[in-house]
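Visitor: Okay, here's the structure, questions in a sec.
Protein chains: 2
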Amino acid sequence: MLSVDFVTQLRNLLPSDRLLTDPVDCYAYAYDNSRKIFPPAAVAFPVTAMEVQSIVTLCNDHGIPLTPRGRGTGTSGGSLPERGGVALSLERMLRIVSVDPANRVIVTEPGVLNQSIQDAAKPHGFFWPPDPSSAAYSSIGGNLATSAGGPHAVKYGTTRDHVLGLRAVTGAGKFIKTGCYTTKGVVGYDLTRLLIGSEGTLAVITEATLKLTPLPQARSGITAHYRDVSSCASAIVKVMALPETPSALEFLDAGALGLIRGRFPDMVPHGTCAMLMIEVDGPSRSITESSASILDACRNSGLISAEEVMDAATLWLARKTLSPLLRDIAPKKINEDVVVPVSALPEFLDGLARLTGEHRIANVNFGHAGNGNIHVNLLVNPDVGNEMNRAEKCLNEMFDLVISLNGTLSGEHGVGSEKRAYVGKEIDSTTLALMKDIKRVFDPRNILNPGKLFPADPPIE
Amino acid sequence: MLSVDFVTQLRNLLPSDRLLTDPVDCYAYAYDNSRKIFPPAAVAFPVTAMEVQSIVTLCNDHGIPLTPRGRGTGTSGGSLPERGGVALSLERMLRIVSVDPANRVIVTEPGVLNQSIQDAAKPHGFFWPPDPSSAAYSSIGGNLATSAGGPHAVKYGTTRDHVLGLRAVTGAGKFIKTGCYTTKGVVGYDLTRLLIGSEGTLAVITEATLKLTPLPQARSGITAHYRDVSSCASAIVKVMALPETPSALEFLDAGALGLIRGRFPDMVPHGTCAMLMIEVDGPSRSITESSASILDACRNSGLISAEEVMDAATLWLARKTLSPLLRDIAPKKINEDVVVPVSALPEFLDGLARLTGEHRIANVNFGHAGNGNIHVNLLVNPDVGNEMNRAEKCLNEMFDLVISLNGTLSGEHGVGSEKRAYVGKEIDSTTLALMKDIKRVFDPRNILNPGKLFPADPPIE
Numbered sequence: 001m002l003s004v005d006f007v008t009q010l011r012n013l014l015p016s017d018r019l020l021t022d023p024v025d026c027y028a029y030a031y032d033n034s035r036k037i038f039p040p041a042a043v044a045f046p047v048t049a050m051e052v053q054s055i056v057t058l059c060n061d062h063g064i065p066l067t068p069r070g071r072g073t074g075t076s077g078g079s080l081p082e083r084g085g086v087a088l089s090l091e092r093m094l095r096i097v098s099v100d101p102a103n104r105v106i107v108t109e110p111g112v113l114n115q116s117i118q119d120a121a122k123p124h125g126f127f128w129p130p131d132p133s134s135a136a137y138s139s140i141g142g143n144l145a146t147s148a149g150g151p152h153a154v155k156y157g158t159t160r161d162h163v164l165g166l167r168a169v170t171g172a173g174k175f176i177k178t179g180c181y182t183t184k185g186v187v188g189y190d191l192t193r194l195l196i197g198s199e200g201t202l203a204v205i206t207e208a209t210l211k212l213t214p215l216p217q218a219r220s221g222i223t224a225h226y227r228d229v230s231s232c233a234s235a236i237v238k239v240m241a242l243p244e245t246p247s248a249l250e251f252l253d254a255g256a257l258g259l260i261r262g263r264f265p266d267m268v269p270h271g272t273c274a275m276l277m278i279e280v281d282g283p284s285r286s287i288t289e290s291s292a293s294i295l296d297a298c299r300n301s302g303l304i305s306a307e308e309v310m311d312a313a314t315l316w317l318a319r320k321t322l323s324p325l326l327r328d329i330a331p332k333k334i335n336e337d338v339v340v341p342v343s344a345l346p347e348f349l350d351g352l353a354r355l356t357g358e359h360r361i362a363n364v365n366f367g368h369a370g371n372g373n374i375h376v377n378l379l380v381n382p383d384v385g386n387e388m389n390r391a392e393k394c395l396n397e398m399f400d401l402v403i404s405l406n407g408t409l410s411g412e413h414g415v416g417s418e419k420r421a422y423v424g425k426e427i428d429s430t431t432l433a434l435m436k437d438i439k440r441v442f443d444p445r446n447i448l449n450p451g452k453l454f455p456a457d458p459p460i461e
Numbered sequence: 001m002l003s004v005d006f007v008t009q010l011r012n013l014l015p016s017d018r019l020l021t022d023p024v025d026c027y028a029y030a031y032d033n034s035r036k037i038f039p040p041a042a043v044a045f046p047v048t049a050m051e052v053q054s055i056v057t058l059c060n061d062h063g064i065p066l067t068p069r070g071r072g073t074g075t076s077g078g079s080l081p082e083r084g085g086v087a088l089s090l091e092r093m094l095r096i097v098s099v100d101p102a103n104r105v106i107v108t109e110p111g112v113l114n115q116s117i118q119d120a121a122k123p124h125g126f127f128w129p130p131d132p133s134s135a136a137y138s139s140i141g142g143n144l145a146t147s148a149g150g151p152h153a154v155k156y157g158t159t160r161d162h163v164l165g166l167r168a169v170t171g172a173g174k175f176i177k178t179g180c181y182t183t184k185g186v187v188g189y190d191l192t193r194l195l196i197g198s199e200g201t202l203a204v205i206t207e208a209t210l211k212l213t214p215l216p217q218a219r220s221g222i223t224a225h226y227r228d229v230s231s232c233a234s235a236i237v238k239v240m241a242l243p244e245t246p247s248a249l250e251f252l253d254a255g256a257l258g259l260i261r262g263r264f265p266d267m268v269p270h271g272t273c274a275m276l277m278i279e280v281d282g283p284s285r286s287i288t289e290s291s292a293s294i295l296d297a298c299r300n301s302g303l304i305s306a307e308e309v310m311d312a313a314t315l316w317l318a319r320k321t322l323s324p325l326l327r328d329i330a331p332k333k334i335n336e337d338v339v340v341p342v343s344a345l346p347e348f349l350d351g352l353a354r355l356t357g358e359h360r361i362a363n364v365n366f367g368h369a370g371n372g373n374i375h376v377n378l379l380v381n382p383d384v385g386n387e388m389n390r391a392e393k394c395l396n397e398m399f400d401l402v403i404s405l406n407g408t409l410s411g412e413h414g415v416g417s418e419k420r421a422y423v424g425k426e427i428d429s430t431t432l433a434l435m436k437d438i439k440r441v442f443d444p445r446n447i448l449n450p451g452k453l454f455p456a457d458p459p460i461e
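Protein sequence lines, in the order shown, are assigned to chains A and B.
All residue numbers for the first sequence refer to the UniProt record's numbering, where the first residue is 1 and numbers rise by one.
All residue numbers for the second sequence refer to the UniProt record's numbering, where the first residue is 1 and numbers rise by one.
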């Protein structure tokens with residue numbers, strides 16, 4: 001509950017159409033794609049950095065939790081207002097400040113959709129490489145907060161590789177400016193990347209200077225179908241050892257293929273237990289050759305069939321078919337995004353099959369195999385017996401397996417609230433304590449997205 | 001001066017052949033390529049992370065300045081032990097911990113030379129992209145401390161784009177582990193990039209996990225000679241607007257060409273006042289086409305001649321000839337590495353000519369024009385009249401010009417001691433104060449490279 005005094009002051013900062021306090025209205029800002037519900041007591045819609053700063057300052061003065069929020073497409077609970085307080089929706093900061101093709105730069109406000117950036121860059125022959133599957137409806141601010149990836153990260157890297165500078169307001173209400181406008185720059189500490197992936201716990205990003213990449217001249221695709229997961233995993237390792245890095249290398253396991261086959265019996269060749277979808281991009285003159293090398297690396301004794309695919313729709317058909325099917329059969333599934341070194345994929349997939357078998361958890365696994373980033377989906381129903389208990393045991397052991405293979409708990413979703421219990425498996429206590437000290441520097445009263453990202457909740461002072 | 005007690009304790013930490021205290025021996029660790037001299041009172045050569053930690057802890061307990069040092073090739077004074085104390089030379093931490101081609105990773109200790117990493121990666125078809133001109137004799141630790149760049153940064157980025165994780169010892173003597181072993185990973189704050197470019201002021205890096213890049217199949221080169229600097233600058237802008245990003249785009253101005261012509265009258269076509277050296281790399285099948293597009297973009301009314309060059313030695317001949325000539329005529333030259341947006345290069349080069357003219361400072365300018373990173377060399381002789389005064393005025397106004405053009409003071413050399421007086425032009429006081437707070441989190445007693453990187457010296461407590 002917010003005090004009358006606080007709400008009055010908040011009302012003084014924003015026109016009435018940019019502040020919600022009615023619980024019914026606020027409920028629309030209570031959730032994200034983690035499917036948990038935590039209603040905020042108020043929702044503020046700033047449209048300028050000055051407004052962001054005045055809201056942060058007010059919350060800081062009153063010790064009110066403030067949870068920044070893009071479009072709520074995150075899967076880890078990063079934008080959930082767990083402790084109530086104010087949800088700071090950046091969705092109305094919608095201005096693309098400048099498009100500068102000569103310098104390959106776009107400057108944007110945080111509420112702009114990823115897709116709108118692509119639309120602004122494309123006429124000049126450029127794109128912005130981060131492409132989470134939510135690109136059409138997720139905001140740049142959210143992409144920055146989680147260092148979003150996507151299928152093309154295997155060749156192009158993730159969000160943190162494509163940002164030159166930021167403007168932000170710290171938890172203490174201070175304006176800061178990080179990085180620069182050029183691709184080179186080594187003056188001062190790299191606060192840009194410190195903010196990227198910090199899930200709104202350090203500062204609220206009010207402007208980002210994004211680095212654009214030239215659109216590839218040509219694209220080509222390959223689909224490959226395997227009798228078993230281990231021969232598919234071997235092919236992944238072999239493809240990733242080639243000098244031609246594919247622009248996407250996506251994997252579907254037997255569970256995923258089973259779901260697809262249930263609805264579309266003829267989409268995938270008979271006997272397929274694992275499938276790869278590979279995209280290659282580059283200069284028109286070399287694309288055929290690159291494709292041929294990759295096709296060659298796909299061949300092994302477990303291959304059923306592999307073929308070149310000329311159009312993107314056909315290439316991604318199986319993958320696009322999968323997501324709605326998954327939500328249909330398990331709306332409350334647990335969706336993880338662990339990463340292991342590519343060479344450890346066979347061992348990881350073996351181990352995962354063993355663990356899900358032991359704990360009797362139906363599962364479907366797919367994702368960005370080219371950089372070892374697998375979306376593990378445990379198809380649980382919280383209403384069924386002790387399924388959630390078994391799933392949590394399975395998850396816990398899976399994370400141990402990932403760490404033992406030199407992997408990481410999250411490749412692109414972030415920690416949010418969903419994974420914080422496991423962070424201690426990956427980050428030692430000394431390094432975590434240092435991170436908390438850094439949080440304190442930016443946000444001394446712990447008002448910004450309190451409790452997220454860290455395993456233990458630091459108390460609000 | 002170090003106390004007898006401190007020196008005795010330091011001796012207990014290291015065998016006698018890994019500790020220098022004789023001033024004559026220490027003098028060899030008093031300088032770097034900034035050509036300033038600040039002798040340390042002792043030089044320690046740890047060979048393990050544990051030894052690093054015990055030395056840092058001892059210095060922290062006694063409040064003794066500790067300056068980490070690679071091979072001393074930096075040009076900004078970053079490794080100068082300005083306040084005496086202990087120089088921590090990492091040059092004997094020489095182990096390449098692992099080479100893992102399947103995952104495109106090398107794990108290395110900080111003393112390993114950049115060139116040794118290239119040598120270890122090459123047999124597997126990979127390279128590590130950062131290539132400062134000191135690559136043959138600079139250490140990875142130093143490359144990390146400054147986020148070193150080099151000519152290939154225009155296509156491949158700088159050091160910060162090619163590191164997956166670090167192990168380090170903070171100024172408080174704590175072991176931390178940052179990042180992960182995979183290219184994707186978003187668990188916790190990005191401390192990896194916070195340490196990269198922090199010039200040894202936060203922590204001592206004891207191990208780095210480096211991401212490798214596939215060697216290009218083919219390379220090609222182009223040299224282009226221009227009647228005047230403005231037509232050359234226009235060509236740079238045009239080349240950088242192409243979808244094919246060159247792997248290097250280096251520039252020499254009239255001053256540089258004049259020097260070369262003085263020694264080698266026929267190396268450069270008559271009438272050339274600006275020159276470009278452009279490298280293209282990529283798949284064999286597309287290299288000819290890429291080269292042709294770039295050659296085409298080079299053509300304008302100011303072009304005297306442009307030609308394809310097949311071997312690297314010929315391509316870089318003029319550039320390699322220049323450096324020794326520069327040192328010969330002005331051993332105490334001021335060497336800057338400012339960056340401006342590529343589209344602002346014509347205006348910057350114009351302004352620079354005006355400023356050096358006004359202040360009567362001979363100058364030679366060249367460098368990584370493809371990302372707007374120009375090495376401005378003011379050929380001063382500190383022993384001649386008020387030349388240094390005039391040079392400093394010129395420098396000050398040049399930095400103002402750079403900032404007014406949305407540029408940065410340093411693209412790859414770092415701040416060190418040489419540029420700290422100007423940092424306030426680029427970074428506002430609020431952001432600087434935040435950076436100092438971060439420094440305090442890592443290094444509460446300000447023992448690590450004290451006084452560097454920041455405009456004002458925080459006192460040693």
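Beta carbons: idealized from backbone N, C-alpha and C, even for Gly.
Predicted model, so just to flag it, every value in this text is computed and none were measured.
What residues of chain B sit near residue 466 of chain A, judged by a beta carbon separation below 7 Å?
Guide: Only positions 1 to 461 of chain A appear in this structure, which leaves residue 466 of chain A out of reach.
Visitor: Does the Cβ of B/Ala-145 lie closer than 7 Å to at least one heavy atom of the ligand SAH?
Guide: Ligands are entirely absent from the displayed structure, and the ligand SAH is therefore not among its contents.
Visitor: Would you say A/Met-435 reaches chain B, if we count a Cβ-Cβ gap shorter than 8 Å as a contact?
Guide: Closer than 8 Å to some Cβ of chain B, the Cβ of A/Met-435 qualifies, so yes.
Visitor: Excluding sequence positions up to five away, which residues of its chain have a Cβ less than 8 Å from the Cβ of A/Ser-16?
Guide: Hits under 8 Å: none found.
Visitor: Taking CB distances under 8 Å as the criterion, tell me whether B/Ser-133 reaches chain A.
Guide: For B/Ser-133, the answer is no, since every Cβ of chain A falls outside 8 Å of its Cβ.
Visitor: Output yes if chain A places a C-beta closer than 8 Å to the C-beta of B/Lys-174; else output no.
Guide: It does: the Cβ of B/Lys-174 has a partner Cβ on chain A nearer than 8 Å.
Visitor: Three Cβ pairs or more, each shorter than 8 Å: is that satisfied between the segment 205 to 219 of chain B and the segment 268 to 277 of chain B?
Guide: The segment 205 to 219 of chain B, when compared against the segment 268 to 277 of chain B, does not touch it at the 8 Å Cβ threshold.
Visitor: Please list the residues of the segment 102 to 117 of chain B that have a C-beta atom closer than 7 Å to any C-beta atom in chain A, keeping them in chain order.
Guide: Within the segment 102 to 117 of chain B, the qualifying residues are Ala-102 and Asn-103.
Visitor: Can you look up B/Phe-348 in the DSSP assignment and give me helix, strand or coil?
Guide: DSSP places B/Phe-348 in helix when its eight states are reduced to three.
Visitor: Between B/Ile-196 and chain A, is any beta-carbon pair separated by less than 8 Å?
Guide: Chain A, which has a Cβ nearer than 8 Å to the Cβ of B/Ile-196, makes this yes.
Visitor: Check the C-beta distance from B/Thr-321 over to B/Phe-251 and give it rounded, since I have them as a contact under 8 Å.
Guide: Their Cβ separation, rounded to whole angstroms, is 15 Å, which puts B/Thr-321 and B/Phe-251 out of contact at 8 Å.
Visitor: Using beta carbons (cut-off 8 Å, strictly below), is B/Leu-409 in contact with chain A?
Guide: Answer yes: the Cβ-Cβ gap between B/Leu-409 and chain A drops below 8 Å somewhere.
Visitor: Can you give me the start and stop residues for the beta strand (DSSP E) that B/Ala-224 sits inside?
Guide: That run of the beta strand (DSSP E) goes 218 to 226.
Visitor: Check this for me: beta carbons of A/Glu-426 and A/Leu-409, under 8 Å apart or not?
Guide: Going by C-beta atoms, A/Glu-426 is nearer than 8 Å to A/Leu-409.
Visitor: Under three-state DSSP, which class holds A/Thr-8?
Guide: Correct three-state label for A/Thr-8: helix.
Visitor: Is B/Arg-160 close to chain A? Criterion is C-beta to C-beta, closer than 8 Å.
Guide: So, interface residue.
Visitor: State the CB to CB distance for the pair residue 463 of chain B and B/Leu-215, rounded to an integer number of angstroms; the pair is presumed to be in contact (CB under 8 Å).
Guide: Look at the range of chain B in this structure, 1 to 461, and you will see that residue 463 of chain B is not part of it.
Visitor: Taking all protein chains shown into account, do 16 or more other C-beta atoms lie within 10 angstroms of the C-beta of A/Gly-262, making it buried, or fewer, making it exposed?
Guide: When all chains shown are included, A/Gly-262 counts as exposed.
Visitor: Tell me the rounded alpha-carbon separation between B/Gly-142 and A/Tyr-189.
Guide: When rounded, the distance between both Cα atoms is 16 Å.
Visitor: If you draw a straight line from the alpha carbon of B/Val-229 to that of B/Val-364, how long is it in whole angstroms?
Guide: About 13 Å.
Visitor: Please go through the same chain and pick out, in chain order, the residues whose beta-carbon is closer than 7 Å to the beta-carbon of B/Phe-38, but skip the five residues on each side of it.
Guide: Around B/Phe-38: Ala-30, Leu-80, Pro-81 and Glu-82.
Visitor: Select from B/Ala-254, B/Pro-246 and B/Arg-219 the residue whose C-alpha is nearest the C-alpha of B/Ser-231.
Guide: It is B/Ala-254 whose Cα lies nearest to the Cα of B/Ser-231.
Visitor: Is DSSP giving A/Leu-13 helix, strand or coil here?
Guide: Of the three classes helix, strand and coil, the one that applies to A/Leu-13 here is helix, per DSSP.
Visitor: According to the Cβ coordinates, are B/Pro-455 and B/Gly-414 closer than 8 Å?
Guide: No, the pair does not count as a contact, with Cβ atoms beyond the cut-off.
Visitor: Run through the segment 142 to 214 of chain A for me and flag every whole alpha helix (DSSP H) of 4 or more residues, listed as ranges in chain order.
Guide: Listed in chain order, they are 153 to 156 and 191 to 195.
Visitor: Whose Cβ in chain A lies nearer than 7 Å to the Cβ of B/Asp-190?
Guide: In chain order: Arg-160, Arg-193, Leu-194, Ile-196 and Gly-197.
Visitor: When the Cβ atoms of the segment 364 to 373 of chain A are set against those of the segment 143 to 163 of chain A, are three or more pairs found closer than 8 Å?
Guide: Enough Cβ pairs lie closer than 8 Å, so yes.
Visitor: Please go through the same chain and pick out, in chain order, the residues whose beta-carbon is closer than 6 Å to the beta-carbon of B/Gly-221, but skip the five residues on each side of it.
Guide: Result list for B/Gly-221: Glu-279, Val-309 and Leu-315, in chain order.
Visitor: On the premise that A/Val-376 lies in contact with A/Glu-336, defined as a C-beta separation below 8 Å, what is that separation, rounded to the nearest angstrom?
Guide: Yes, A/Glu-336 and A/Val-376 are in contact; Cβ-Cβ is about 4 Å, under 8 Å.
Visitor: So that I know if they touch, is there some Cβ in chain B lying closer than 8 Å to that of A/Arg-167?
Guide: With 8 Å as the cut-off, A/Arg-167 does not count as an interface residue toward chain B.
Visitor: Report the start-end ranges of each alpha helix (DSSP H) in the segment 324 to 404 of chain B that is 4 residues or longer and not cut off at the edges.
Guide: Within the segment 324 to 404 of chain B, the complete alpha helix (DSSP H) runs of at least 4 residues are 345 to 358 and 387 to 404.
Visitor: With a threshold of 7 Å on Cβ separation, who are the neighbours of B/Asn-60 within its own chain once the five nearest residues in sequence on each side are excluded?
Guide: Cβ neighbours of B/Asn-60 beyond the five flanking positions: Gly-171, Ala-172, Gly-173, Arg-445 and Ile-447.
Visitor: Classify B/Leu-58 as helix, strand or coil using the three-state DSSP reduction.
Guide: Helix.
Visitor: Which residue from A/Met-240, A/Gly-185, A/Leu-202 and A/Ile-140 puts its Cα closest to that of A/Ala-168?
Guide: Checking every option, the nearest Cα to that of A/Ala-168 belongs to A/Leu-202.
Visitor: Chain B partners of A/Val-229, CB-CB under 9 Å?
Guide: Under the 9 Å cutoff, chain B gives no residues; its nearest Cβ is about 18 Å from A/Val-229.
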